[in-house]
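*Asks:* These protein sequences, in sequence, are chains A, B and C. Counting from 1099, one number per residue, gives the positions in the first sequence under my numbering. Counting from 1099, one number per residue, gives the positions in the second sequence under my numbering. Counting from 1099, one number per residue, gives the positions in the third sequence under my numbering. Beta carbons are placed, not taken as given, at the ideal position from N, Cα and C, and that holds for glycine.
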Amino acid sequence: MKIYQQSLQLKARTRGFHIITSEIVYAMPQITEIKTGMLQVFIQHTSASLTINENADPTVRKDFEMFFNQNVPEDDPGYLHNDEGSDDMPAHLKAAMLGSSVMVPIRNGRLGLGTWQGVYLCEHRNYGGSRSLIITIWGE
Amino acid sequence: MKIYQQSLQLKARTRGFHIITSEIVYAMPQITEIKTGMLQVFIQHTSASLTINENADPTVRKDFEMFFNQNVPEDDPGYLHNDEGSDDMPAHLKAAMLGSSVMVPIRNGRLGLGTWQGVYLCEHRNYGGSRSLIITIWGE
Amino acid sequence: MKIYQQSLQLKARTRGFHIITSEIVYAMPQITEIKTGMLQVFIQHTSASLTINENADPTVRKDFEMFFNQNVPEDDPGYLHNDEGSDDMPAHLKAAMLGSSVMVPIRNGRLGLGTWQGVYLCEHRNYGGSRSLIITIWGE
């Protein structure tokens, strides 16, 4: 069994949901060496997150941003942690709801994503800046 | 270290939460060969999801359906993505909140689930049809 | 490739969010043997969960408790499963939203967490008691 690990520094994105599948595949060309295996992508931040969802219609990503803003309001007077601005604590909560990593099986040298699946970077801050990922694959 | 991977086509389920632990174990008999390892189950869809929760009282699964319907409403006028019906965009959001994969350690040839834990298929569409899973295990 | 697995029995915690990163590292000293690998931590319960979030300001964990209590109310008359008290069904729902496992890459014998990331035990019951984890690492 082989294992490979790679850092990936993503360019700064606007607040919202962005498809990054091809950047991940490009950063880890050894995926093609693995017949049966697994890929994990980990984000080293607590105010941005990763998830897997619809890769075709851009309105899905807009609706994600709308829904999570509604569901995790910025102006809750109950927040104690608000030194870094009104988007700070909601970003931590959204990141926990969506998760800090995704895992996708590798089959015959390719990601085993369904037809409509893509990996999303979920940027929850107004100015989150560049984000650091660690990509790991293993298998044989 | 060994690794095994298997597709599993689930029959169509009604909208709601369904325990599929025994189907997973049945589809991957090689679990018994692994003394120390890991199982991952991945769903290749963006309107159904997987999670781990209570395996005994069926009212828990009914309450899951009730809660997620309340928390992710179908009639939000803010949705832009609604071509496939009112259950479409909520299904994507619920899938992101619950996740597209579960991971369970393998110990002495058996899944290391707690006494009350089972794997749920979370069907978020009214007519989601058959769902495709990829099961991967590795260990020694 | 090596693989190690270890049980960890956590002492009872108060309801809320608690950082347990150092307990995990202490329970699995073999992390230092792995140059490139992966750690998974699994919780064998359905009313407590694991997530990764901010490790510095304790008010973040207080805001997590406040937000999830608001978002998953205890007094919803729609719950069918309420034999074990008003904190029971909300605990199952919170656990599903946050997840039963976390995964962190291992790099050069250390966890590849970002500067501000820590592993949280999320205790959703008023008196959850001791909680059982299974820690698994693999790599080379």
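Can you say whether N1224 of chain C is buried or exposed, counting buried as having 16 or more other CB atoms within 10 angstroms of its CB?
*Replies:* The residue labelled residue 1224 of chain C in the question sits at position 126 within the third sequence. Under this definition N1224 of chain C is an exposed residue.
*Asks:* To the nearest angstrom, how far is the alpha carbon of R1208 of chain B from that of R1229 of chain B?
*Replies:* As a working note, residue 1208 of chain B is residue 110 in the second sequence. As a working note, residue 1229 of chain B is residue 131 in the second sequence. R1208 of chain B and R1229 of chain B: Cα-Cα distance of roughly 25 Å.
*Asks:* Which partner residues of Y1102 of chain C appear in the DSSP bridge assignment?
*Replies:* Mapped onto the third sequence, residue 1102 of chain C falls at position 4. Paired residues: C:I1235.
*Asks:* Counting only Cβ pairs nearer than 9 Å, list the residues of chain E close to G1135 of chain C.
*Replies:* You won't find chain E in this structure, because its protein chains are A, B and C.
*Asks:* Which residues in chain C sit within 8 Å of F1140 of chain A, going by Cβ to Cβ distance?
*Replies:* As a position in the first sequence, residue 1140 of chain A is number 42, starting the count at 1. What F1140 of chain A touches in chain C: M1201, V1202, P1203, G1210.
*Asks:* In angstroms, rounded to a whole number, what distance separates the CA positions of N1119 of chain B and D1161 of chain B?
*Replies:* To locate residue 1119 of chain B, count along the second sequence from 1; it is residue 21. To locate residue 1161 of chain B, count along the second sequence from 1; it is residue 63. Inspection of the sequence shows that residue 1119 of chain B is occupied by Thr rather than by Asn. For T1119 of chain B and D1161 of chain B, the distance between alpha carbons rounds to 20 Å.
*Asks:* Around the C-beta of A1193 of chain B, are 16 or more other C-beta atoms found within 10 angstroms, so that it is buried, or is it exposed?
*Replies:* Indexing the second sequence from 1 puts residue 1193 of chain B at position 95. Flag for A1193 of chain B reads buried.
*Asks:* Whole angstroms is fine: what's the gap from E1131 of chain C's alpha carbon to Q1103 of chain C's?
*Replies:* In the third sequence, the residue the question calls residue 1131 of chain C occupies position 33. In the third sequence, the residue the question calls residue 1103 of chain C occupies position 5. Approximately 14 Å, taken between the alpha carbons.
*Asks:* Would you give the residue range spanned by the alpha helix (DSSP H) that V1158 of chain C belongs to?
*Replies:* Taking the first residue of the third sequence as 1, we reach residue 1158 of chain C at position 60. Here the alpha helix (DSSP H) through V1158 of chain C covers 1156-1169.
*Asks:* Between L1148 of chain C and chain B, is there a C-beta pair that is closer than 8 Å?
*Replies:* Locating residue 1148 of chain C in the third sequence gives position 50, counting from the first residue. Closer than 8 Å: no.
*Asks:* Leaving out five residues before and five after M1187 of chain C in sequence, what residues of the same chain have Cβ atoms less than 7 Å from its Cβ?
*Replies:* Within the third sequence, residue 1187 of chain C is the residue found at index 89, counting from 1. Cβ neighbours of M1187 of chain C beyond the five flanking positions: Y1177, H1179, N1180.
*Asks:* Would DSSP call E1172 of chain B helix, strand or coil?
*Replies:* On the second sequence, residue 1172 of chain B is found 74 positions in, with the first residue counted as 1. Looking at E1172 of chain B - three-state DSSP - the assignment turns out to be coil, as it is neither helix nor strand.
*Asks:* Along chain A, in chain order, which residues have C-beta atoms closer than 7 Å to that of D1155 of chain C?
*Replies:* In the third sequence, residue 1155 of chain C corresponds to position 57, counting from 1. Near D1155 of chain C (Cβ distances below 7 Å), the residues of chain A are H1179.
*Asks:* Per the DSSP calculation, P1203 of chain A is bridged to which residue(s)?
*Replies:* For this step, residue 1203 of chain A is matched to residue 105 along the first sequence. Answer is A:M1136.
*Asks:* Pick out whichever of A:C1220, A:G1216, A:P1203 has its Cα sitting closest to the Cα of K1101 of chain B.
*Replies:* The residue given as residue 1101 of chain B occupies position 3 in the second sequence. One point to set straight first is that residue 1101 of chain B is Ile, not Lys, in the sequence displayed. Nearest C-alpha to I1101 of chain B: A:P1203.
*Asks:* List the residues of chain A whose Cβ lies closer than 8 Å to the Cβ of L1191 of chain B, in chain order.
*Replies:* The sequence position of residue 1191 of chain B within the second sequence is 93, counting from 1. In chain order: D1161, F1162, F1165.
*Asks:* Within 8 Å of any Cβ in chain C, is that where the Cβ of A1194 of chain A sits?
*Replies:* Within the first sequence, the letter at position 96 stands for residue 1194 of chain A. So yes, A1194 of chain A belongs to the interface.
*Asks:* Taking the beta carbon of S1147 of chain C as the centre, do at least 16 other beta carbons fall within 10 Å, making it buried, or is it exposed?
*Replies:* As a working mapping, residue 1147 of chain C is identified with position 49 in the third sequence. Its Cβ being crowded by 16 or more others within 10 Å, S1147 of chain C is buried.
*Asks:* Can you tell me which of the three DSSP states I1118 of chain A falls into?
*Replies:* Within the first sequence, numbered from 1, the residue matching residue 1118 of chain A stands at position 20. Coil at I1118 of chain A, not helix or strand.
*Asks:* I'd like to know if Q1128 of chain B contacts chain C, where contact means its C-beta is closer than 8 Å to some C-beta of that chain.
*Replies:* Walking along the second sequence from the start, residue 1128 of chain B turns up at place 30. Cβ-Cβ to chain C under 8 Å: no for Q1128 of chain B.
*Asks:* For F1166 of chain A, which residues in the same chain have their Cβ closer than 7 Å to its Cβ, ignoring the five residues on either side in sequence?
*Replies:* Along the first sequence, one-based indexing puts residue 1166 of chain A at 68. Once the five neighbours on either side are set aside, the close Cβ partners of F1166 of chain A are K1192.
*Asks:* Looking at the unbroken alpha helix (DSSP H) that takes in A1110 of chain A, where does it start and where does it end?
*Replies:* Position 12 of the first sequence holds residue 1110 of chain A. From DSSP, A1110 of chain A is part of no alpha helix (DSSP H); its letter is neither H nor E.
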